[in-house]
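Here is the structure we will look at.
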Amino acid sequence: MDREDMIERYARFLREYVDDSGNEVYLNKLKDLLTVTPRRSLSIDWTHLNSFDPELAEELLKNPEDSILAAEDAIQIVLREPPLLREEEFKVHARFFNLPRTLLVKELGSEHINRLIQVDGIITRVSEVKPFVEKAVFVCKDCGNEMVRLQRPYDNIVKPSKCDACGSRNVELDVEKSRFINFQSFRLQDRPESLKGGQMPRFIDAILLDDLVDTALPGDRVLVTGILRVILEQKDKRPIFKKVLEVNHIEQLSKEIEELEITPEDEQKIRELAKRKDIVDAIVDSIAPAIWGHKTVKKGIALALFGGVQRVLPDGTKLRGESHVLLVGDPGVAKCVDYDTQVVLADGSLGKIGELVEGAIRRAKKEGTLGRVDDGFYAPIDLELYALDAKTLKVKKVKANIAWKRTAPERMFLIRTASGREIRVTPTHPFFVFENGQFKTRKAEELKASDFIAVPRIIPVAGKPTRLWDIEIEKPKTAKSRLKLPEFADEEFWYVIGLLAGEGYAQNRNGSATIFFTNNDEKLIQKVYEYFRKLDLNPTIRKPHRGKSAKEVYVSSVEFFRLFKHLGIAENSSKKKVPSQIFSARLEDIKAFLQGYFDAEGTVDRARPKITVVSASLELLRGVRHLLLRFGIKSQLHATRGIATNGKMKEAKTYYRLVITGKDVIKFRETIGFGVEEKAKLLAKVTNGIKLNTNVDVVPGVSKLLRELRESAGLRQKDLGINRSTYLHYERGDRLPSREKLKIVVETLKEKSPDAPKKLKVLELLADSDIFWDRVVEVREYKPEHPWVYDLQVPEHHNFIANDIFVHNSQILRYVANLAPRAIYTSGKSSSAAGLTAAAVRDEFTGSWVLEAGVLVLADGGFALIDEFDKMSDRDRSAIHEALEQQTISISKAGITATLNSRTTVIAAANPKYGRFNRHKSLPEQLDLPPTLLSRFDLIFLLLDEPDEKIDASIAEHILKVRRGEAEAVTPKIPYDLLKKYIAYARKNIHPVLSKEAMDEIKRYYVRMRKGFRKSGEDEGVQPIPITARQLEALIRLSEAHARMRLSETVTREDARAAIQIIEEMIRKIATDEEGTLDVSILEVGKSSKKINKIDKLIDIIKSLESEGEFGAPEDKVVEAAKQAGIGTENEVKKLINDLKRDARIYEPRAGFYRVL
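Note that numbering that gives the first Met the number 0 has the sequence shown beginning at 0, numbered continuously upward.
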């Protein structure tokens, strides 16, 4: 389409387009631009253009640059015609919106380059406004010639290298004559709620020009129309480009709970639900149904999810409606493993968890950083290991930061799986399972045979060469040293060690030592012989014994024997183990070792793809199984009874058999293979063109998900790319799909429903994850022999690989993250610079300082779920006070001063400072949080694990039901998706008002509580306050939330009573002083009123006694006077003195003397 034609068609559209009522939409808009709203942009709805001139609308999408310029020229033509008749120049931009397809940032690809696209996202950072030279005029200093160059905002400056007229290189930009417009860049990121199944949010930098600058702030959700441009990455010399969006139109989306698709049918269901008498209980029971009890906690979280109503007073003051909740719990109620559990470390080596933790505890003792809890110790540790990344379901390198050592419980559990993996854990230790389309954790004591747990299918470690010269080998005392080892172990070395690990043995008698290698294969005997010669040893080949076919090569060398012993293969056959050095070696070295071992010991089944090795040593085969995982080869390990073929004793012993079958045999053939020709040929023959049984590698818990996805795509069972009779069973759940079949189904669903729901992403991740679902075959209780159990804390990921199983530390917050209609789950130890609040960071795109929004800003209008709240940075801690109360975040950094909204409900979890919660200390003393921050939370819950016969019986019953597979024990009373919609609907449409009865109820409670606590005769000092105005505010918010749960527009007396009950229970638990009096000062100030009075008295005593001694008040006199004043015992007084020293209210000029500061 040529330019003139385009201008003509746009002008006709602007003149002639009318709406249903016959109004000239765009002529009226242009009139408004000239008179009412002095703006320089005309917004054009693409659907209007499409209905008027489809060809032109299509051209706009494909060739946006020329089309937009043509539209702007057409606007100029229309402005000069009647009825507008504008004489002077008035530049108006054409801005297009409402395009046919909206993309997420992560969907932008090379096919969108130079196309007009519409992208939905959240703004995370915004730069300052700068001038951009749109039309640059360069002047030659020698001849005065002017040269005009048009610039692009996303490209480097275009500058003439020399004067067009005289050829001089003396050319400069003339700022006066050039034309500048405003320029601003921002970063657009996928909205957190648009990501499911743990995807990474992608971002794109975008450019705003002229009148679009300053139209958006960090944290805003926007719909952006623009042209996708690419620029060459400067730092890279490779032909790789960076994407930039040149914005044409930007529209802010509502800050309300994002529209969950609530259809009229959904609304009817929601209204029906609300009529239930037990609706409040049903909602509470539907939160984290797999976690027993904690009813009050769940109710508190439910109230926070519904929230109160925000009120704006006539003077503009805002009263927040959001209720913040803090959960304080014993961190991981003893989720530990036994001493010998093997952990995979960063370099691939294996370490016993007991040794690792004991080492950290010894270091912490030396450095004075050892922490104590009532049942053990914890110490800082800086240890790299491997974990499952919950976002991608891939194995990645992570860091553990705390090591735990705790008293072993009276009973522990041994868990054994179908592949032969074993781990010994405490009863509450959780394992990953996948059920009803969701990841869940199941405690060891709840596991039953036939459950599937997550184990790694591959451990991606690169490793490095092993330096043999670092191994200390004692030289022989009599003969001279002969052994000549290479500096680094090469593949040949490891291949021979693999052979010897299989068929080698050693004899050490009277100071002389001999190594033997026995095998039927002539070539292997020759191989070992030649390698011994290479090491400068003197080997001998011995002919077979009479009636035997096996040959033997042997060498006498004390040094080689010591190396052999050091590598762990000199022991008798039942005590052999894989050399520890090989675990951190290169992949090619591991391959050589495994090939050697299987050449010596492996047998290939003649009829089917199956490789077997048998050994008397369980530890050796466990090591081999782990090494196979480096190549993603799965194997099974089982005990068997048999009689040794080479032994003199003909009695049955326990042997261990390692088996590789099915697809893994092919993987073995391709990555490791046999060096022995006969075995290699047989392996090729049995794996040639066979149909494999994939039913070993299955994915559990997907039947419900498959049915929902198929129905939402409007497909029949036969449309899913696999045989209907097979697929039918997957939906019924009586057969599990293999990974291969699941991949086919996922691909078909993606193809047939392009706007596939987010649940499909979960299936896609599962089909391609690093998880192998291993079936549990034995759960056995036993009495532990070792007095201690151990654990490692991995922040953020909360799991690591031990004994080739993912072991995990569980959370309650994750459940809420799934339920809240718009929630961001994060950890207080947030890694980004913006952290929880906001920060100024340097932008790579423009090089200037920009404002980046943190979690509380991004969750504006939704929920922020913050784990490890006590571990946040000091900067965040100071800013969060304002965020929790005023619901804004003010920032003044790098010359940027701004106030960002954070109208967020915060549900946070924190751990006590000393690990376990101590009943005899106040809450603020045990939390690493200032009391001022604690008082901002409406509800604070303690999650304690205390023995109680009645509760323990109920928990046991619940667990047994779950283990027996009784679905109702863990099925939520209200389906998860419906509850999510119910919450969103209530928050959007229901705005309850306090009734007279509810107001009276709250007022009566408040007055009664405050009146009842002024005791006579206690006029001196600070009075204990049982409740303050802050709790009154909280009561109102919680009453409104309770009414919202019932979808009621009025807050009744019952709602008020429910709120009072929950607040009272909280105050009794956490705000009771040493004498059992309710005192909110404990939360507000961190100390009870009685303690404040004692401290004031003690300071007065120290002041009055300062003149008694040369260096201040002597300690013994202070203690004596304090005892007489009734402050407490000698120990109590000394503790108060220490507290005062710590708070810098007194100082010690000389040991034992005090002065007041």
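The beta-carbon is built from N, C-alpha and C at its ideal position, and this holds for glycine as well.
Less than 7 angstroms separating the beta-carbons of G861 and T836?
Going by beta carbons, G861 and T836 fall outside the 7 angstroms limit.
I'd like to know if the segment 414 to 423 and the segment 625 to 635 are in contact, where contact means that at least 3 CB-CB pairs between them fall below 8 angstroms.
They touch, by the three-pair rule.
Under the three-state reduction of DSSP, which class applies to E1017: helix, strand or coil?
Confidence at E1017 is low in this model, with a pLDDT of 45, below 50, so its placement is unreliable and the value that follows should be read with caution. If DSSP states are grouped into helix, strand and coil, E1017 belongs with coil.
If you pair each beta-carbon of the segment 606 to 616 with each one of the segment 502 to 509, do three or more pairs fall below 8 angstroms?
Contact fails: fewer than three Cβ-Cβ distances are below 8 angstroms.
In angstroms with no decimal places, state the Cα-to-Cα distance between Y1153 and L1037.
Distance between the alpha carbons of Y1153 and L1037 is about 48 angstroms.
Taking only runs of the alpha helix (DSSP H) that begin and end inside the segment 619 to 679, which ones reach a length of at least 4 residues, in chain order?
Runs of the alpha helix (DSSP H) inside the segment 619 to 679: 662 to 670.
For a quick check, are the C-beta atoms of L562 and V612 less than 7 angstroms apart?
By the CB criterion at 7 angstroms, L562 and V612 fall outside the cutoff.
Would you mind stating whether L272 and L244 have Cβ atoms separated by less than 7 angstroms?
Remark: C-beta atoms of L272 and L244 do not approach each other more closely than 7 angstroms.
Quick check on DSSP: helix, strand or coil for Y338?
Residue state, collapsed to three classes: coil.
Can you confirm whether I800, when its beta carbon is compared against all beta carbons of chain C, has any partner nearer than 7 angstroms?
The chain labelled as chain C is not found in the depicted structure, where only one protein chain is given.
May I ask you to report which of helix, strand or coil DSSP gives H1041?
Assigned with DSSP and collapsed to three states, H1041 falls in helix.
By Cβ distance below 8 angstroms, which residues in the same chain neighbour T539 in space, the five residues on each side in sequence not counted?
If you ignore the 5 residues before and after T539, its C-beta comes within less than 8 angstroms of the C-beta of V552, Y553, V554, all in its own chain and listed in chain order.
Just reading off the beta strand (DSSP E) that Y385 is part of, what are its end residues?
Residues 375 to 388.
If you pair each beta-carbon of the segment 529 to 549 with each one of the segment 571 to 590, do three or more pairs fall below 8 angstroms?
No, they do not touch.
From the DSSP output, read off the bridge partner residues of M411.
Residue pairing for M411: DSSP places it in a beta bridge opposite Y781.
Is the distance from the Cβ of L883 to the Cβ of I1069 below 7 angstroms?
Cβ distance not < 7 angstroms, so L883 and I1069 don't count as in contact.
Beta-carbon contacts of N435 that lie in its chain and below 7 angstroms, excluding the five residues immediately before and after:
Taken in chain order, the residues that qualify are G700, K703.
Nearest CA to the CA of H990: which residue from T1027, R1043, Q1030, I282?
Residue R1043 is the option with its Cα nearest to H990.
For M411 versus P786, is the C-beta distance shorter than 7 angstroms?
Not in contact: M411 and P786 (Cβ atoms no closer than 7 angstroms).
Taking all protein chains shown into account, decide if L13 is buried (16 or more other Cβ within 10 angstroms of its Cβ) or exposed.
It counts as buried.
Report buried or exposed for F597, applying the criterion of at least 16 other Cβ atoms within 10 angstroms of its Cβ.
Result: buried.
Using a 10 Å radius around the Cβ and a threshold of 16 neighbouring Cβ atoms, would you call P911 buried or exposed?
Classification for P911: buried.
Could you give the distance in angstroms between the alpha-carbon of L413 and the alpha-carbon of T425?
So the two alpha carbons sit approximately 9 angstroms from each other.
Minimum length 3: unbroken beta strand (DSSP E) runs contained in the segment 177 to 222
Every beta strand (DSSP E) of 3 residues or more that sits fully in the segment 177 to 222 is shown, in chain order, as 178 to 188, 202 to 208.
With three or more beta-carbon pairs closer than 8 angstroms as the criterion, would you say the segment 168 to 179 touches the segment 87 to 94?
Short answer: they don't touch.
Check each candidate in K351, L384, A402 and name the one with the smallest Cα separation from G375.
When only C-alpha atoms are compared, the closest one is A402.
Beta-bridge pairing of R310 - partner residues as DSSP gives them
Answer is L318.
Among D696, I514, I581, whose alpha-carbon lies nearest the alpha-carbon of K564?
Nearest C-alpha to K564 among D696, I514, I581: I514.
Look up M1065 in the DSSP assignment and say whether it is helix, strand or coil.
The answer is helix: DSSP assigns M1065 an H, G or I state.
Secondary structure of I879, DSSP reduced to three states:
I879 falls in the helix class under three-state DSSP.
Continuous beta strand (DSSP E) stretch holding E133: start and end:
Its beta strand (DSSP E) spans residues 129 to 139.
Mapping the DSSP letters down to three states, classify E245 as helix, strand or coil.
Residue state, collapsed to three classes: strand.
DSSP on M998, reduced to helix/strand/coil?
Helix, per DSSP.
Inter-residue spacing [alpha-carbon to alpha-carbon] between I524 and G510:
I524 and G510 have their alpha carbons spaced roughly 26 angstroms apart.
Do A56 and L48 have their CB atoms nearer than 7 angstroms?
Yes, the pair counts as a contact, with Cβ atoms nearer than the cut-off.
Thinking F95 and L115 are a contact (beta carbons under 8 angstroms), I'd like their distance in whole angstroms, please.
Contact between F95 and L115 holds: CB atoms are separated by about 7 angstroms, below the 8 angstroms threshold.
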